[in-house]
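Respectively, the protein sequence lines represent chains A and B. Residue numbering for the first sequence follows the numbering used here, starting at 46 and increasing by one per position. Residue numbering for the second sequence follows the numbering used here, starting at 46 and increasing by one per position. See structure below.
2 protein chains.
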Amino acid sequence: MSVTRTVTLSDVAERAGVSATTASYILNGRSVEMRISADTETRVRAAVAELGYRPNRSARSLRTATTSTIGVISDFVASGHFASQMLTGASAAARADAHLLVIGETEGDPGVEALLIEELLERQVDGIVYATLVTAEVTVPPALGRRRTVLLNCVDPSTVLPAVLPDELGGGRTAAGALVRAGLRSGLHVVGEDPTPNALAGVLRLQGIRARLGEEGLGIDGVVPCPWTVAGAYAAVDAWLADGARPQGLICLNDRIAMGVYQALAEHGLEVPRDVSVVSFDGSELATWLRPEVTSVTLPYADLGAEAVRVLMDPGWATTGVVRLPMPISAGASVRPRPAEVPAS
Amino acid sequence: MSVTRTVTLSDVAERAGVSATTASYILNGRSVEMRISADTETRVRAAVAELGYRPNRSARSLRTATTSTIGVISDFVASGHFASQMLTGASAAARADAHLLVIGETEGDPGVEALLIEELLERQVDGIVYATLVTAEVTVPPALGRRRTVLLNCVDPSTVLPAVLPDELGGGRTAAGALVRAGLRSGLHVVGEDPTPNALAGVLRLQGIRARLGEEGLGIDGVVPCPWTVAGAYAAVDAWLADGARPQGLICLNDRIAMGVYQALAEHGLEVPRDVSVVSFDGSELATWLRPEVTSVTLPYADLGAEAVRVLMDPGWATTGVVRLPMPISAGASVRPRPAEVPAS
DNA sequence: TGATCCTGCTGATTCGATTCAGCATATGAC
DNA sequence: GTCATATGCTGAATCGAATCAGCAGGATCA
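Put into structure tokens, the structure is as follows:
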């Protein structure tokens with residue numbers, strides 16, 4: 046392998062016996078518009094292949110003020126694997142448009158956030174996806190006003206920035222619907238209560254649940270408050286059951302809570318779904334690991350990421366408003382099937 | 046907010062009443078070397094602040110052929126949250142050196158991989174981290190020869206590229222050591238066998254386990270083969286226990302297997318750690334969700350990511366060789382404490 | 001008084017691709 | 001035979017920062 050000086054467009058042009066201008070037009074798909082002959086085009090393309098020419102994006106970016114690059118700024122990339130599914134979806138959507146993702150993780154530190162935004166702006170990213178791990182209301186840093194931005198999993202009431210979020214309200218309805226369809230009419234409880242005041246998910250899910258049950262003339266018998274963790278849910282539900290509670294249907298506000306609930310039910314000799322039907326939220330892998338697999342209303346993280354990027358690249362970007370993506374239900378075996386009924390007619 | 050034309054270095058220079066050259070020297074920390082007066086420096090910095098000047102990285106990159114950007118190419122970003130922890134570690138290490146991460150996910154497709162590598166090279170990334178989800182032997186695409194590269198979680202026997210991996214062998218020893226320290230001397234089994242022939246982790250872990258037990262004159266009573274999944278482990282161990290097996294200590298080759306094992310043990314009325322001690326690998330969140338929390342030998346994903354980036358930026362990069370990071374043990378309550386002994390002296 | 005050195009700066013060029021304006025030559029219309 | 005149009009291409013400027021070579025003007029020295 047020789048110390049090959051990097052091949053430039055001029056090298057290609059020289060080799061093909063044309064000007065750099067012509068070569069540039071050809072490589073940018075403007076040969077028809079510029080009436081380049083087929084013969085010339087062939088020669089240029091051959092030269093590209095022979096020399097192994099690769100355009101220098103820095104040069105192009107300098108001239109065109111675009112980088113085919115999207116900045117993703119989020120509070121946490123790692124936590125859960127939720128954020129990374131977002132990344133996967135975003136990455137795929139970006140690649141569909143020949144863009145790459147530049148990521149920055151703020152770890153929730155506003156100072157770091159400001160710094161990263163500056164770095165992204167300096168790097169001339171074409172747009173920014175501002176994502177939060179937990180669905181929340183935020184106030185985006187003013188620096189983002191300098192680039193087109195889409196919010197992911199959050200909204201900023203003080204701006205008109207487009208935002209992409211899961212339809213938590215609809216998700217709540219879906220979860221309740223699963224119990225309704227199973228014929229459960231009483232002994233319905235919700236486990237978990239929103240632990241952080243800024244997070245909207247819990248509030249909306251609960252609202253959706255109430256709305257759906259209300260349509261059937263039903264209601265929640267109570268909410269068992271607990272942090273959104275396995276251990277926290279276990280402790281709360283264990284104590285609750287020890288107090289004599291005998292629920293028929295439990296809606297857990299996320300899958301980790303469901304796992305704690307499973308543990309507590311087992312501890313008290315209660316079987317899912319024979320004694321208690323369980324529905325959950327998140328649709329994470331964990332839901333499929335439980336025995337029996339828990340029916341879970343899925344957060345469509347990959348879709349959210351992909352949609353955010355699509356909105357970002359859409360010409361009508363500015364007027365998109367808030368997009369809410371449906372939360373599909375992932376059926377497990379944790380809801381007791383409806384008892385056989387007398388056929389209707 | 047006005048339609049502010051972007052501020053360039055010349056604008057700053059003009060405002061400060063100096064040449065762009067001078068301003069450039071000052072902003073690049075060469076004012077002493079270039080004997081710029083303190084007064085001039087002050088004026089330039091003031092101008093920067095007043096105008097809100099931000100350098101244009103594209104221009105700088107074009108000139109310097111560096112981008113303060115590191116490319117991360119991996120087969121899967123999403124799967125598990127392992128890869129994303131790597132990203133977090135890598136991101137933090139990169140930021141410590143004022144670099145950002147550009148990510149590309151190949152989804153295991155060699156075509157996509159080749160494409161992404163070209164994209165990264167075009168974008169003039171300063172270096173590339175080539176990561177795999179599963180520890181494996183790989184053959185890196187030749188295009189990577191054009192940029193400094195570090196392998197993460199994999200090795201390429203055909204090259205001398207630096208590689209960063211977990212010390213699986215040591216991890217195996219640690220896992221076995223936990224059982225040894227508890228005084229277990231028989232009825233020791235390993236659950237899970239490497240499902241993919243290219244993955245090294247299982248082989249090395251098993252090797253480490255055997256070595257450590259051998260030192261005590263002990264051995265494995267058997268391996269229960271199963272896929273590395275919750276359901277697969279449950280099925281295998283359930284059948285095995287139904288056959289009358291009564292192990293004393295189980296080493297699960299990852300946390301998902303441990304979860305399946307817990308389920309199977311519970312099914313057969315066996316309690317952890319009273320009846321069976323369990324040790325696992327991964328140190329994922331799942332390990333802490335099980336009851337009792339399972340003792341797990343941790344894959345230091347964040348460290349791996351950070352170390353890979355550090356190696357990449359190290360001047361001695363080329364001669365680094367293979368770096369193996371220790372796998373610390375995360376103690377749960379799944380190993381039966383050693384029975385009280387007669388004091389030794 | 002001239003030679004030398006230091007101080008504090010600047011002009012001009014460069015990186016590599018994009019793009020506007022325009023220039024020969026060929027073809028056709030009348 | 002002339003003018004107009006179409007064809008197929010090119011020269012030169014440009015994007016914004018980095019950097020080499022060099023230039024005034026003052027101080028120092030012999």
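A virtual CB, placed ideally from N, CA and C, is assigned to each residue, including glycine.
query, result
"Any chain A beta carbon closer than 8 angstroms to VAL52/B", "no"
"N- and C-terminal bounds of the beta strand (DSSP E) containing GLU163/B", "That residue, GLU163/B, is in no beta strand (DSSP E); its alpha helix (DSSP H) goes 155 to 167."
"DSSP-derived helix/strand/coil call for ALA128/B", "helix"
"VAL342/B and MET304/B closer than 8 angstroms at C-beta", "no"
"Spatially closest choice to ALA351/A from SER82/A, ALA141/A, PRO270/A, LEU178/A, by CA coordinates", "ALA141/A"
"Selection of the region 181 to 202 of chain B by Cβ proximity to chain A, strictly under 8 angstroms", "GLY190"
"Helix, strand or coil at VAL225/A [DSSP, three-state]", "helix"
"Contacts of GLN308/B in chain A (Cβ-Cβ under 8 angstroms)", "ARG336"
"Identity of the residue in THR274/B, LEU229/B, THR219/B nearest ALA256/B by Cα", "THR219/B"
"Interface residues of the region 131 to 155 of chain B facing chain A [CB-CB below 7 angstroms]", "LEU132, THR133, SER136, LEU145, LEU146, VAL147, ILE148, GLY149, GLU150"
"Length of the line joining the Cα atoms of SER47/A and LEU107/A", "The predicted position of SER47/A is uncertain, since its pLDDT is 38 and thus under 50; a value taken from the coordinates is nonetheless stated next. If I take the Cα positions, the gap works out to 29 angstroms."
"Minimum Cβ-Cβ distance from ARG355/B to chain A less than 8 angstroms", "no"
"Entirely enclosed beta strand (DSSP E) segments - the region 174 to 242 of chain B, minimum 3 residues", "194 to 200, 208 to 211, 233 to 236"
"Beta-carbon proximity check, CYS399/B vs GLU182/B, cutoff 8 angstroms", "This structure cannot settle anything about residue 399/B, because the visible part of chain B is limited to 46 through 390."
"Closer than 7 angstroms: SER136/B CB and nearest the ligand ADP heavy atom", "This structure does not include the ligand ADP; it has no bound ligands of any sort."
"Within chain A, partners of LEU166/B - CB distance below 8 angstroms", "ARG99"
"Separation of GLU95/B from LEU197/B, as counted between CA atoms", "44 angstroms"
"VAL321/B vs GLY377/B beta-carbon contact at 8 angstroms", "no"
"CB contact flag (TYR346/B, ALA309/B, <8 angstroms)", "no"
"Beta carbon proximity, LEU370/A to chain B, threshold 8 angstroms", "no"
"Anticipated Cβ contact below 8 angstroms, GLY116/A with GLY149/A, distance rounded", "7 angstroms"
"Short CB-CB distance (under 8 angstroms) between GLU163/A and chain B", "yes"
"Per-residue burial, THR194/B [other beta carbons within 10 Å of its own, 16 or more giving buried]", "buried"
"Best match in GLU260/A, ILE296/A, ARG291/A, ALA188/A for proximity to VAL97/B [C-alpha to C-alpha]", "For the sequence presented, residue 97/B should be read as Gly rather than Val. Comparing Cα positions, the closest option is ALA188/A."
"Expected contact under 8 angstroms - CB spacing of ILE296/B and VAL225/B to nearest Å", "Contact doesn't hold; Cβ gap of about 11 angstroms is too wide."
"Contacts of VAL275/B in chain A (Cβ-Cβ under 7 angstroms)", "TRP334"
"Reference LEU178/B; option with closest CA among LEU165/B, ARG191/B, THR151/B, ARG168/B", "THR151/B"
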